Amino acid sequence: MIGTNHMKKNDLLASVLKCNACQSTNFDWQVGKLVCTACGHNYNMVHDKPVMYDNSPVNGISRGDSHDVPSKLAEYVADGRLLGLNLGAGNSTKPRPNIINVDYLLYSNADAAVDAHQLPFVDQAFDVVASFNVFEHLINPEKASSEIFRVLKPGGRLIIHTAFLQPLHMEPYHYFNATEYGIRHWFKDFNIEQVAVSPNFSPLLNLAWMASIIQSGGKGLSKPDRLSIGNLTLDQLATFWQDTSLGRADMWTSDIFNLSQKLPDSTKAAVAGGFELEAVRPKQ
Ligand SMILES: [Zn+2]
């Protein structure tokens with residue numbers, strides 16, 4: 151339980167913040183820096199918001215797409231008694247008094263910049279954690295999952311949105327698209343109630359995103375090739391897949407395959423079915 155009515159936002163943050171260098175929760179909030187009074191570690195403050203990890207690229211307020219606090223998170227804490235963490239808040243448009251908004255960069259309504267792999271929060275701090283469109287961008291999703299587990303209260307709720315067949319985005323900081331089973335693996339320590347496709351991830355929206363990338367990638371092709379790609383219908387693509395996968399036609403000599411090969415490498419890399427890696431073990 152927290153009494154948010156008379157609390158300033160920084161007081162709420164201070165009530166759960168810890169120093170990742172020494173685990174202390176005692177800080178001296180100075181102008182331009184946050185100092186751990188136990189170990190002396192200095193954290194940079196940018197526009198009065200602490201940056202809670204070292205070697206951060208943060209030097210100002212980032213602009214970015216504006217989106218509201220996840221509605222399930224907002225509903226969960228709506229009566230004001232519970233404390234929520236919005237991990238990967240981006241530029242959330244409507245700050246709520248009992249939701250702490252954090253992201254790797256600082257956005258206008260963020261309370262702090264954090265690294266999801268080492269959350270600067272005390273154990274069992276939150277009643278609910280939401281993390282939308284973050285996990286595909288983490289180099290170690292399992293570490294971040296264990297950090298969320300640590301900062302959630304027993305019985306606390308987790309709401310995740312993460313990518314499966316989304317095209318490449320925010321490169322090079324896009325590491326792991328996950329299947330349902332990969333997501334279940336990342337969060338295997340939790341009691342998972344469901345892994346479902348929320349409306350924002352619906353298949354035709356995803357296909358539209360892919361089509362948009364393919365179409366813009368085709369802008370440098372000859373006009374006939376551009377038109378041939380643009381005029382492909384879902385029926386034609388589905389029939390091509392069925393015919394070639396069933397061996398009724400040859401995939402590798404087909405017009406659709408040849409058109410696909412003409413797309414620029416950056417387009418292929420954004421919406422490819424997979425990659426071929428070749429590598430060499432260093433000699434020493
Ligand atoms: Zn410290």
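Quick note, the sequence shown lines up with residues 151 to 434 if you use the working numbering. Glycine residues also receive a C-beta, built at the ideal position from the N, C-alpha and C atoms. Since the model is a prediction, treat every value here as computed from it, not as a measurement.
Take residue 205 as the anchor and find which of 254, 364, 344 has the nearest alpha-carbon.
254
On the premise that residue 234 lies in contact with residue 217, defined as a C-beta separation below 8 Å, what is that separation, rounded to the nearest angstrom?
Contact check for residue 217 and residue 234: beta-carbon distance about 16 Å, past the 8 Å limit, so the pair fails to qualify.
Would you mind sorting residue 391 into buried or exposed? The rule is 16 or more other CB atoms within 10 Å of its CB.
By the 10 Å Cβ count, residue 391 comes out exposed.
Measuring only the C-alpha atoms, how far is residue 446 from residue 227?
The shown model of the chain, from 151 to 434, leaves out residue 446, and the question about it has no answer.
Please find out if some non-hydrogen atom of ligand 1 comes closer than 7 Å to the beta-carbon of residue 262.
no
Own chain partners of residue 401 with C-beta closer than 6 Å, once the 5 adjacent residues on each side are dropped:
Within its own chain, the residues whose Cβ lies closer than 6 Å to the Cβ of residue 401, once the five positions on either side in sequence are excluded, are 394, 407, listed in chain order.
Which parts of the segment 199-255 are runs of the beta strand (DSSP E), unbroken and 3 residues or longer, counting only runs that do not cross its ends?
Look at the segment 199-255 and you find these whole runs of beta strand (DSSP E), each 3 residues long or longer: 234-237, 249-253.
Would you call the CB atoms of residue 413 and residue 364 closer than 8 Å?
yes
Note down the Cα distance separating residue 344 from residue 200, rounded to an integer number of angstroms.
35 Å
If you count every other CB in all the chains shown that lies within 10 Å of the CB of residue 416, and 16 or more means buried, which is it?
exposed
In chain order, what are the residue ranges of uninterrupted alpha helix (DSSP H) at least 4 long that sit wholly in the segment 369-398?
Within the segment 369-398, the complete alpha helix (DSSP H) segments of 4 residues or longer fall at 373-380, 384-395, listed in chain order.
Quick one: does the C-beta of residue 171 sit closer than 7 Å to a heavy atom of ligand 1?
Checking every heavy atom of ligand 1 against the Cβ of residue 171, one is found closer than 7 Å.
Of the residues 214, 409, 294, the one placed nearest residue 369, counting alpha carbons only
409
Please report how far the alpha carbon of residue 318 lies from the alpha carbon of residue 182, in whole angstroms.
36 Å
Looking only at its own chain, which residues have a Cβ that is under 8 Å from the Cβ of residue 378, when we skip the five neighbours before and after it?
405, 409
Where DSSP assigns a beta bridge to residue 311, which residues make up the other side?
282
Is the beta carbon of residue 164 within less than 7 Å of some heavy atom of ligand 1?
no
Is the segment 290-305 close to the segment 188-195, with three or more CB pairs under 8 Å?
no
Would residue 273 and residue 301 be called neighbours here (beta carbons separated by less than 8 Å)?
yes
Using CA coordinates, which residue listed in 168, 335, 351, 286 is at the minimum distance from residue 320?
286
The alpha helix (DSSP H) that contains residue 407, what's its start and end?
For residue 407, the enclosing alpha helix (DSSP H) begins and ends at 405-411.
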